[in-house]
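Right, one structure below, let's go through it.
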Amino acid sequence: MSASHAIEVSGLRRSYGSHTAVRDVSFQVRHGAVTGFLGPNGAGKSTTLRMLVGLTTPDSGQARVLGSDYRALPNPGRHVGVLLDASAQHSGRTGREVLALGAMAMGLPPRRADELLEVVGLDADEARRRTGTYSLGMRQRLGIAHALLGDPRVLVLDEPANGLDPGGIHWLRTLLREFADRGGCVLLSSHLLREVEVIADLLIVIGRGRVVAQGAKQELLAAGGTVVRGSDAGTLAAALAAAGIAATRTGDAFLAQAEPEQVARAAAAGGVVVLELRPAGTDRLESLFLQLTADDSRETVRR
């Protein structure tokens, strides 16, 4: 395993009866970066993360964190911080008790619980409340605190922004960016594509149990395409097809998989008056995501 790879997944496969949830998933995640792990509901994200941290046994393949099977790591919480389900907390315990017990299990001093409560913004009154009374946003903050308890080198987070208000999302973004900038590794699964587009350095996209794209965010989004709208949608569609340009229709416009100049030339050749022509903008990740996950049969993209 390369020293630059904090996480290495190779050929993971997991089936439940006749349903294959994950099929031959392979990827690498490096230190010093936030990696967005994206896919629609049921794509296999959570199953992959569960296999990575030893909660689900793969039918085949291997997942390694810091060069080892997660379950073989000594005191794993001191190396890998995990948040897969913020609701999986004892509802009868207070927030501080949850963290204090976690600290005790890791061999950490009790004051570590108080340090993390401050980091995640849970005040003294909130720390004394039982977690069963917490809002989803408060449970997320507590779960993030637990993931950070052992001062890990790797964070594996599944939908950590669920329930956070805009201020909380900004706080989380800053926290993860600073963690990665200090050399840490963040593997982040989220359905908030705009937030992932802002913070992520690398992207892994999974669809129907298999990786359909992975690579540097800027390289993948550079292929996000061109938005074009013409005087006649049918004629424009025919012109793009004649030029060999793949395009997806959205309303009266198209997202064409080509540079703007190529699209303009194709439209001109087809006699179409172009009314709008621009690179895909702030919705680039959403457009890429929808294209890549629309069809399980498309070939894996690697950049």
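In my numbering, each residue's number is its place in the sequence shown (first place is 1) plus 4. Even glycine gets a Cβ: it sits at the ideal position worked out from N, Cα and C.
* To do: Check whether the stretch 202 to 216 touches the stretch 42 to 49, taking contact to mean three or more Cβ pairs, one atom from each stretch, closer than 8 Å.
  => yes
* Asked: Buried or exposed: where does residue 277 fall if 16 or more other Cβ atoms within 10 Å of its Cβ makes it buried?
  -> Here residue 277 refers to the residue found at position 273 of the sequence shown. The residue in question, residue 277, is exposed, as its Cβ has fewer than 16 Cβ neighbours within 10 Å.
* To do: Could you check the C-alpha separation between residue 76 and residue 252 for me, to the nearest Å?
  => Working through the sequence shown from its first residue, we reach residue 76 at position 72. Working through the sequence shown from its first residue, we reach residue 252 at position 248. Computed Cα separation, rounded: 47 Å.
* To do: State the start and end residues of the unbroken beta strand (DSSP E) segment that holds residue 199.
  => Here residue 199 is taken as the residue at index 195 of the sequence shown, counted from 1. Element bounds for residue 199: not the beta strand (DSSP E) but the alpha helix (DSSP H), 197 to 203.
* To do: Give the DSSP-derived three-state secondary structure of residue 276 in the structure shown.
  => The count along the sequence shown starts at 1 and reaches residue 276 at position 272. Coil, per DSSP.
* Is residue 143 buried or exposed, if buried means 16 or more other CB atoms sit within 10 Å of its CB? -> Residue mapping note: residue 143 aligns to position 139 of the sequence shown, counting from 1. The residue is buried, with at least 16 neighbouring Cβ atoms inside 10 Å.
* Report buried or exposed for residue 186, applying the criterion of at least 16 other Cβ atoms within 10 angstroms of its Cβ. => Working through the sequence shown from its first residue, we reach residue 186 at position 182. Result: exposed.
* Coarse secondary structure for residue 247, derived from DSSP in three states -> Here residue 247 corresponds to residue number 243 of the sequence shown, with the count starting at 1. Residue 247: coil per DSSP, three-state reduction.
* **Beta-carbon gap between residue 64 and residue 17 smaller than 8 Å** => Position 60 of the sequence shown holds residue 64. Position 13 of the sequence shown holds residue 17. Yes, the pair counts as a contact, with Cβ atoms nearer than the cut-off.
* Continuous alpha helix (DSSP H) assignments of at least 4 residues falling wholly in the stretch 100 to 134 -> 115 to 124, 128 to 132
* Asked: Does DSSP classify residue 193 as helix, strand or coil?
  -> Stepping through the sequence shown from its first residue, residue 193 is reached at position 189. It is a strand residue.
* Asked: Run through DSSP, which three-state label would residue 85 get?
  -> To locate residue 85, count along the sequence shown from 1; it is residue 81. In this structure, residue 85 counts as strand in the three-state DSSP scheme.
* Asked: Which residue from 267, 239, 188 puts its Cα closest to that of residue 284?
  -> As a first step, residue 284 must be located in the sequence shown, where it is residue number 280. Here the closest residue by C-alpha is 267.
* For residue 236, the three-state DSSP class (helix, strand or coil) -> Here residue 236 refers to the residue found at position 232 when the sequence shown is read from its first residue. Here residue 236 sits in coil by DSSP.
* Contacting residues, own chain, Cβ-Cβ under 6 Å from residue 290 (five flanking each side not counted) -> Position 286 of the sequence shown, counted from the start, is the residue given in the question as residue 290. Cβ neighbours of residue 290 beyond the five flanking positions: 197.
* Identify the residues that DSSP records as bridge partners of residue 174: which are they? -> Taking the first residue of the sequence shown as position 1, residue 174 is located at position 170. In DSSP, residue 174 forms no bridge with anything.
* Asked: Which residue spans inside the stretch 17 to 54 form an unbroken beta strand (DSSP E) run of at least 3?
  -> 23 to 34, 37 to 42
* Considering only the beta carbon of each residue, do residue 70 and residue 102 sit closer than 8 Å? -> Mapped onto the sequence shown, residue 70 falls at position 66. Mapped onto the sequence shown, residue 102 falls at position 98. For residue 70 and residue 102, no; Cβs fall outside 8 Å.
* In angstroms with no decimal places, state the Cα-to-Cα distance between residue 200 and residue 39. => One-based indexing of the sequence shown puts residue 200 at position 196. One-based indexing of the sequence shown puts residue 39 at position 35. Going by the C-alpha atoms only, they are around 9 Å apart.
* Asked: Three-state secondary structure (DSSP) at residue 140?
  -> Indexing the sequence shown from 1 puts residue 140 at position 136. Residue 140 falls in the helix class under three-state DSSP.
* Have a look at 87, 240, 68, 107 and flag the residue whose alpha-carbon is nearest the alpha-carbon of residue 311. => Past the boundaries of the shown model lies residue 311; the chain is included only from 5 to 307, so the question cannot be answered.
* Asked: What's the gap between the Cα of residue 35 and the Cα of residue 126?
  -> Numbered from 1 along the sequence shown, position 31 holds the residue referred to as residue 35. Numbered from 1 along the sequence shown, position 122 holds the residue referred to as residue 126. Roughly 29 Å between the two C-alpha positions.
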